[in-house]
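One point on numbering: in the UniProt record's numbering, the residue at position 152 of the sequence shown is 152, and numbering is uninterrupted.
Note that the Cβ used here is the ideal one computed from N, Cα and C, for glycine as well.
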Amino acid sequence: MKDLTPPTVDTARVARSFRRGLGSYHDAASAQARIAADLSALLAKHLDGAPVAHLFEFGAGTGHLTDALLRDVSVDRLTLNDLVAEAEAGLQSRLGAHGRSATFMAGRIEDIDLPTGLDLIAGASVVQWICDLPSLLQRFATALQPGGWLALSGFGHAHFHELVALGSDAAAPNYMDHHDWQQVLPDGLHLTELRQAPITLRFDSPRAVLRHLRETGVNGQSRGGWSRSRLRRFEDAYRAQFPHQGGVRLTYDPVLVLARRV
Ligand SMILES: C[S@@+](CC[C@H](N)C(=O)[O-])C[C@H]1O[C@@H](n2cnc3c(N)ncnc32)[C@H](O)[C@@H]1O
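Structure (structure tokens):
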């Protein structure tokens, strides 16, 4: 039977986890960097040189998507958000390298008063942390100008499937496959692009996978506290079930979404 219980998220725990990973995230998050670059390139193709007067990016983290957008798109004004207030310093210094600065709004995107008249709302690798996505998308539709763009990436159900198979509780609460998106977009947003293609990363060992999760802060839901014997069982099962190029594999399952305000 389908589980109808709405997903929940422990925001304080998620924030703690991303805050702890802030120093290591940018270099460790190679998959998220690739996803941000792909999303930005896809949007740039559709914009075809048209300038963006006001960009609002949520869950900006250390700026993988911000960087890519500033490289690919002509943006006049930027407003950035992240759950973690400490992300602002790194983002502003990254923007400084482009000779830019941004208004920063800290907190849960679900609680933020969105600017209005936006030309682009973007967020890469964030929506999997949002439990009530339809409400947020409705607010995005209202905040966008007619003709404005929404550029998002989330993750599908094959995301980290190796960890799920081994009983890990590190998953984010809201994974959606490409065919789930049409149902959550409000009437005012017209779907323009939808892409889902997995990325496989190779690690030397299962322990290196766990380190990668910690360094990218994405295991914010995990209860942790593993005993030595549980860790050994996890490592043995991981090596046996998911060998890859002399090490082990971890699958990212990104879904890219572009929609336009009608
Ligand atoms: C996986 S990182 C992605 C960062 C960046 N967008 C990228 O592509 O590398 C997810 C980011 O979303 C932020 N985040 C998680 N839940 C959020 C929420 N409810 N509102 C705003 N930001 C959130 C986290 O603090 C973290 O910086």
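Annotation for residue 12: no residue places its beta carbon closer than 6 Å to its own, counting only its chain and skipping 5 residues before and after.
Remark: the shortest separation between the CB of residue 81 and any heavy atom of ligand 1 falls under 7 Å. For the pair residue 251 and residue 38, the Cα-to-Cα distance works out to about 17 Å.
When DSSP states are grouped into helix, strand and coil, residue 175 belongs to the coil group. Looking at 173, 215 and 179, the one whose alpha-carbon comes closest to that of residue 17 is 215. By the criterion of a C-beta distance shorter than 6 Å, residue 172 is surrounded in its chain by 128 and 129, once the five residues flanking it on both sides are discounted. Put simply, the segment 21–29 does not touch the segment 39–50. Fewer than three CB pairs are less than 8 Å apart. Distance from residue 125 to residue 196 at the Cβ level is roughly 14 Å; contact not present, criterion being Cβ atoms closer than 8 Å. Excluding residues up to 5 positions away in sequence, 244, 245, 247 and 249 lie with their Cβ nearer than 7 Å to the Cβ of residue 202 in the same chain. Across the set 105, 115 and 77, the C-alpha of 77 shows the shortest separation from the C-alpha of residue 99. In the three-state scheme derived from DSSP, where H, G and I count as helix and E and B as strand, residue 128 is classed as helix.
Fewer than three pairs of CB atoms, one per stretch, sit closer than 8 Å, so the segment 229–241 makes no contact with the segment 132–144. If you draw a straight line from the Cα of residue 205 to the Cα of residue 211, it is about 10 Å long.
Nearest in C-alpha terms to residue 59, of all of 8, 217, 165 and 260, is 217. Between the alpha carbons of residue 8 and residue 131 lies a gap of roughly 6 Å. Here residue 141 is buried: its Cβ has 16 or more other Cβ atoms, across all protein chains shown, within 10 Å.
Within 10 angstroms of the beta-carbon of residue 262 lie fewer than 16 other beta-carbons, which makes it exposed. Uninterrupted alpha helix (DSSP H) stretches at least 4 residues long and entirely within the UniProt domain "Methyltransferase type 12" (57–150) occur at 64–72, 87–97 and 133–143, given in chain order. For the set 84, 259 and 79, the Cα lying nearest the Cα of residue 187 is the one of 259. For residue 155, the three-state secondary structure derived from DSSP is strand. Judged by DSSP in its simplified three-state form, residue 209 adopts helix. Secondary structure at residue 188: coil, using DSSP grouped into helix, strand and coil.
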